[in-house]
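Each residue of the sequence shown is one higher than the one before, counting from 92 in the working numbering. This report refers to the structure that appears directly beneath it.
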Amino acid sequence: MKTIKGLIFDFDGLIIDTEYAKYLSWQEIFQSFQVDLSFEVIESIFWHADGSNSLISHLEDKVGRKLDAQVIIQRALQRFHEILSQFEMRAGVYDYLVQADQMGLKMVLASNAKHAQIQPLIDRLQIGHFFRSILTSEDVCNPKPDPELLNLTVQRMALETGEVIAFDDSNIGLKAARSAGIFCVVVPNQLTIHFYIDHPDLLLPSFTEKTLYSLLEDTKHSIL
């Protein structure tokens, strides 16, 4: 068993629930056409690089006609930002960051988003000072669920995989961590709680469920 020296945090859906905000924005679009947007549809296409176009294709199939994709995407994006502006950090996240900082643990953000997408939120939440680095999909060729981003993160931290814990909110991050050989704590958000999580090393309903101190104590015999 190795001593934990670092924590890797996903951003979207984990630190702030951008994923649920995105779902709500698209749910409004679908409802305006009297079409239901099921969690099954969301789970199958939500995180694809062309997710917005896939959602529109699905909507077109339901209404039986072509739609102005550009107008709809712009409307969804506008509502996303309006909804997200009302969201704060997920409960308990700030306590984890403070506790990790007090313990001298290295912390890095590793996100599938682009830097320009998350930096304004990091600034609004005033948490940038906690992180040694902020790595995004722009830093690698293959984002999660490929392990490349997490491998690079561990390398930047100058640590070994057994010395870090990854926190994520979905199966995508879990797969990346598992492939990288990193212990992964999954903390589902209001959207991913409805999705299948493939046997995480630890499933935490909320960051308020237990303190970081307790989590590290409980998992120290599980991390090789």
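Glycine included, every Cβ here is placed at the ideal spot set by N, Cα and C.
Judged by DSSP in its simplified three-state form, D108 adopts coil rather than helix or strand.
Each of K96, L98, D103 was checked against the Cα of L282, and the nearest Cα belongs to D103. A straight line joining the alpha-carbon of L188 with that of I225 spans about 15 Å.
For a cut-off of 8 Å, the C-beta gap from P238 to A201 is around 11 Å, too long to register as a contact. Closest option to V126, judged by alpha-carbon separation, among G142, I147, F137: I147. Counting C-beta pairs with one atom in each stretch, the segment 109–124 and the segment 163–171 have three or more that are closer than 8 Å, which means they touch.
Note that the C-beta distance between A204 and L241 is not below 8 Å. Buried is the label assigned to V231, since at least 16 other Cβ atoms lie within 10 Å of its Cβ. Assignment of V276 by DSSP, reduced to helix, strand and coil, places it in the strand class.
Distance from the CA of Q165 to the CA of N144, rounded to the nearest whole angstrom, comes to 12 Å. Between L293 and the set E179, I163, L307, the nearest pair of CA atoms involves L307. About 52 Å separates the beta carbons of M248 and G155, which is beyond the 8 Å limit, so they are not a contact pair.
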